Structure formats: C-alpha cells, structure tokens
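Contents: one structure, followed by commentary.
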Amino acid sequence: MDNRSPSVYIHLPFKSNFQIQEYIVLRDEVYCYLLSIEKSEVKSEMEGYILLQERLKYCEDELLWEEKSVIQNRIGILNQILHYSIENGDFRVVSSDEASQRINQLDIEINYKDILISNSKNLVIYDDWNLYELFGENENDYYLFIWYTTA
50 MDNRSPSVYI
60 HLPFKSNFQI
70 QEYIVLRDEV
80 YCYLLSIEKS
90 EVKSEMEGYI
100 LLQERLKYCE
110 DELLWEEKSV
120 IQNRIGILNQ
130 ILHYSIENGD
140 FRVVSSDEAS
150 QRINQLDIEI
160 NYKDILISNS
170 KNLVIYDDWN
180 LYELFGENEN
190 DYYLFIWYTT
200 A
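Take any residue in the sequence shown, count from 1 to its spot, add 49: that is its number in this note's numbering.
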C-alpha cells in the first residue's frame, strides 16, 4: 500500500492564458481579483478550479508566474490552497443574480458583468464580512472572483 499523499499524483499542466483583473486599495486594505480561463484550456471543471486557485495565489503573493517555478512549487502551494478551502469553505450554489448583487455591494472597479452572465453556474466558497470568494462557469470560461479586506 502506498502511503504518500494523494497530492503527489496531481499532474496539472502549466497554463499561461489567464485573464486577470485586480482592484487593490492599499489605504483601505481592500484586495479584489477576477481570474478566468477558457474552458478549452482545461480538461475539467476541477482542473479549472485548481489552476485558477493556484494562479490567484501567485497574484496575491506577487510571485512570478513562470513554468519552472510553478511546477517546482506546485505541491506545496496546492496543499495550502486546497486544505484551507476544504476545511473552511461554505461551498453554496448561488444564482447569477445573487452573486451579482453581492459583488455590487463591494463597491469595486472590476468588470465582472461580461463573465458573470445570467446562465452562469456559481458556487460561493466564502461569504463573510471580510471575504467573498466565488467560483463559476459560463459557456466559455471558468472564473474565480475574490474580494477581501485585512482591515
């Protein structure tokens, strides 16, 4: 029997074709990102989710998205990301209207209306006073929206 972590068997491709928007207001300690990747770039919804989470981590930590570094650090980064989400996430399905209303309350300058369309599927991962995270898909893309404040 093999006692190694299942994460050892994650074989994700390196992708560079992400669309990324960010809105950061340092004086208010507000951070917001909207990342997306075309469905044709990934094999599954799960692969899309994991790659978007991984790419977000690199954005937040201001790390260089470079293939060799990403592949070399992938297991550690994915263990951090996925462990926290699994342990603490809400994972609640919401309508596009509900997601749009919640994002509108955040008073940010990110164009999410082109990606969060009426027939998109959306899953809230977190919805707290200081953190809102949403994973979704429309006809063409998987997307990850996150807003948080450290204030």
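Don't be surprised by glycine CBs; every beta carbon is placed ideally from N, CA and C. Note that the coordinates shown come from a computational prediction; the quantities given were computed from them, not determined experimentally.
Quick one: grab the DSSP three-state call for residue i.
i: Asn137; result: helix
i: Ser118; result: helix
i: Lys170; result: strand
i: Ile124; result: helix
i: Leu180; result: strand
i: Glu186; result: strand
Look at the alpha carbon of residue i and the alpha carbon of residue j, and state the distance between them as a whole number of angstroms.
i: Lys106; j: Ile130; result: 8 Å
i: Ser56; j: Trp114; result: Its pLDDT being 47, under 50, Ser56 is placed unreliably by the model, and nothing is read from it.
i: Lys92; j: Leu61; result: 10 Å
i: Glu186; j: Arg76; result: 32 Å
Along the chain, where does the alpha helix (DSSP H) that runs through residue i open and close?
i: Cys149; result: Here residue 149 turns out to be Ser, not Cys, going by the sequence shown. Taken as a continuous stretch (DSSP letters only), the alpha helix (DSSP H) holding Ser149 covers Ser145 to Asn153.
i: Glu96; result: Glu94 to Glu109
Along the chain, where does the beta strand (DSSP E) containing residue i start, and where does it finish?
i: Phe194; result: Asp190 to Thr198
i: Ser85; result: Val79 to Glu87
i: Phe67; result: Phe67 to Val74
Quiz item: With contact counted as at least three CB pairs below 8 Å, one residue from each stretch, are the segment 80–99 and the segment 180–196 in contact?
Solution: yes
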